[in-house]
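Chains as they are written, first to last, in this note's numbering: chain A, 15 to 258; chain B, -6 to 226.
Here a beta-carbon is modelled for each residue, glycine too, at the ideal position from N, C-alpha and C.
This structure is a prediction, so every number in the text was calculated from the model and none was measured.
Notes follow the structure.
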C-alpha cells in the first residue's frame, strides 16, 4: 500500500481521526509530519519525528536515576520519569529495614521493563513481572527516533532476529527508542540499526538490510578473534543475582 | 494599482526571495532556517521536556517558551548583545502567534522551548523568526493544527507595498507585520508602526495575507523536502 507523506494541516479524509491526527467538522487532518494511513474509516499518522510518549504495555529500556524508600525512579527517554515500585519488581518478600535496594538495581543500572500504567497526569509505573524484563549488563546503547522502533523490530521480529543471528549479538529494543546491543559484532549491529532508522520507510527494507549485513560481515572476521581472547578470563559473577 | 518600482526593483505585491531549510542544527530536537531577502533567522526547538524551574510547570498542559534574540552582528551598526525591551516584546508576540496552533494539552507537565536567533536583520525579523520557529516545531514532531506563516506589508510614500525591506523600513510611513493561520484564515499576530485610516489598514492586511500565503507554500515545500530525502537512497 502506498503511504503518503503528510505535514501538519494536511487533509486526510472524511472520518474519525486517530493518532497523529485531529478532527474538525467531521474531517480529519494531520497534526504531525508522518505517513498517513486509514483503517475502517479511522485516519491516523505514523510520525517520523518526535519524543517518546509512554503507553501502557510498552517494553522500555530505562536507567535508574534515583532510589527512594521502596521504589526506583527510572529515566525512560521521555519528559516523564517512571517509577518502579518494589512490589512490581520482585515476588519475594524483602525486608526494607534490612535490605539495601542498590543490591537489586543500583544508580545507573539499565533495565528492560514493561509499562504497567500511565495516569492522566502522566505518572508512569513500571513492572518487571514480564518474562522478558531484566537487568541489562554491559553492552552498548543507541538512541533512535521512537516512531521508527517498529521498523527495527520488523514484522513479528523478523528484522531484529536477522540482525541478531548474523552478527551473533543480543539485541533488546525498547519502545522508547533505546536499543541495547551486546555480543560479537556490536559495531556492525549498531551501524545497521542506524541504516534502518535512516531508510525506515523504504519498501522491502529487510532484503536491503540483509544485503548490507552480508557485505559488512565479509569484512569483519577480526572482531571474533578478539572476542575469543576475551573469553579466556571468566566474567565475574555477581552475588545476589536478581531474579524477578 | 499601476506598476510601482521599488528601491530593489520589486513589484508592489512581490516578496523578497524566500529560502527555507529544515533540520539545520544537530543538537536541537527540531530546527529550521528561514531567509527573506537578507533577513535570516534560525530557530531551534527543544522538547517537550521537563520543566525547570519546576514552579512553571502546568499540570494539564505543556508550556511554550520562546526566546527571540538578535545577534550583535545582525545589523550594520553593532547592537548590544543580550535581552532588551524589544526582544522581550517580540518573544511574547511570537509565543502568542504560535500558541493557537499547538496541541499543548498532549504533553502535560512539560515545556517546549523555542529559540530564535536573528543572524542578519533587514526588516521583518519577527516575521522571519516566526516562520523559522514554525518549521522547527514541525521538525521536532510537536503536534500542530497547521503551519503559521508570517509576513509584513506597509506604506512607502503613498504606495501600499508587500514585505518592506531596507530603506523602505527606515524611511517608509508604515510597517504592519502579521502572522496568518491559513486554514482557518485567522490572524495570530497583528502589529502596526505608523499612522493610517481604517480603509487603508484593511488594504494593507489583505496584501500581507497574500504574502503569507506564498510563504506558507514555501514552508510546506521545505518540510516535505526534508523528509522526502530520508527514504531515498
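Contacts of residue i in chain A (Cβ-Cβ under 9 Å)
i: residue 216 of chain B; result: 21, 22, 47
i: residue 52 of chain B; result: 135
i: residue 134 of chain B; result: 46, 47, 48, 61, 62, 63, 64, 65, 159, 161
i: residue 137 of chain B; result: 22, 23, 45, 46
i: residue 19 of chain B; result: Within 9 Å Cβ-Cβ: nothing; residue 19 of chain B doesn't reach chain A, min ~13 Å.
i: residue 131 of chain B; result: 21, 22, 46, 47, 63
Where the alpha helix (DSSP H) containing residue i begins and where it ends
i: residue 266 of chain A; result: Only positions 15 to 258 of chain A appear in the structure, and residue 266 of chain A is not among them; the question remains open.
i: residue 155 of chain A; result: Segment 154 to 157 is the beta strand (DSSP E) holding residue 155 of chain A; no alpha helix (DSSP H) there.
i: residue 24 of chain A; result: No alpha helix (DSSP H) contains residue 24 of chain A, which DSSP labels as neither H nor E.
i: residue 230 of chain A; result: 219 to 232
i: residue 207 of chain A; result: 200 to 212
Assigned exposure category for residue i - 16 Cβ within 10 Å defines buried
i: residue 215 of chain B; result: buried
i: residue 121 of chain A; result: exposed
i: residue 85 of chain B; result: exposed
i: residue 123 of chain B; result: buried
i: residue 34 of chain B; result: buried
i: residue 178 of chain B; result: exposed
i: residue 34 of chain A; result: buried
i: residue 8 of chain B; result: buried
i: residue 40 of chain B; result: buried
i: residue 106 of chain A; result: exposed
i: residue 173 of chain B; result: buried
i: residue 61 of chain A; result: buried
i: residue 133 of chain A; result: exposed
i: residue 245 of chain A; result: Caution applies to residue 245 of chain A, whose pLDDT of 49 falls short of 50 and renders its modelled position unreliable; the value that the coordinates give is listed next. Label assigned to residue 245 of chain A: exposed.
i: residue 219 of chain B; result: buried
i: residue 22 of chain A; result: buried
i: residue 78 of chain B; result: exposed
i: residue 247 of chain A; result: Confidence at residue 247 of chain A is low in this model, with a pLDDT of 47, below 50, so the placement of that residue is unreliable and no value is reported for it.
i: residue 87 of chain B; result: buried
Cβ-heavy atom distance, residue i to the ligand SAM, below 8 Å
i: residue 10 of chain B; result: Because no ligand of any kind appears in the structure shown, any question about the ligand SAM cannot be addressed here.
Beta-ladder partner(s) of residue i, from DSSP
i: residue 37 of chain A; result: A:42
i: residue 126 of chain A; result: A:75, A:148
i: residue 110 of chain B; result: B:35, B:62
i: residue 186 of chain B; result: B:168
i: residue 61 of chain A; result: A:48
i: residue 27 of chain B; result: B:13, B:34
First through last residue of the beta strand (DSSP E) which encompasses residue i
i: residue 227 of chain B; result: No answer is possible for residue 227 of chain B: it lies beyond the span of chain B, which begins at -6 and ends at 226.
i: residue 53 of chain A; result: 48 to 53
i: residue 17 of chain B; result: It is not in any beta strand (DSSP E) - residue 17 of chain B carries neither H nor E in the DSSP assignment.
i: residue 84 of chain B; result: First-last for residue 84 of chain B: 78 to 91, but that is the alpha helix (DSSP H), not the beta strand (DSSP E).
i: residue 67 of chain A; result: Run containing residue 67 of chain A: none; DSSP gives neither H nor E here.
Per-residue contacts from residue i into chain B (C-beta, under 9 Å)
i: residue 93 of chain A; result: 40, 41, 42, 43, 44, 55, 100, 102, 103, 104
i: residue 36 of chain A; result: 96, 136, 138
Under 7 Å from the C-beta of residue i: neighbouring residues of chain B
i: residue 121 of chain A; result: Ordered by position in chain B, no residue passes the 7 Å Cβ test against residue 121 of chain A, which lies about 19 Å from the chain.
Interface partners of residue i on chain A, CB under 8 Å
i: residue 228 of chain B; result: Summary: the structure shown does not reach residue 228 of chain B, with chain B confined to residues -6 through 226, and so no result is reported for it.
Amino acids of chain A, ordered along the chain, whose beta-carbon sits closer than 7 Å to that of residue i
i: residue 220 of chain B; result: 19, 47, 62
For residue j and residue i, believed in contact at Cβ under 8 Å, the rounded distance
i: residue 159 of chain A; j: residue 191 of chain A; result: 6 Å
i: residue 209 of chain B; j: residue 152 of chain B; result: Actually they are not in contact, since the Cβ atoms of residue 209 of chain B and residue 152 of chain B sit about 25 Å apart, beyond 8 Å.
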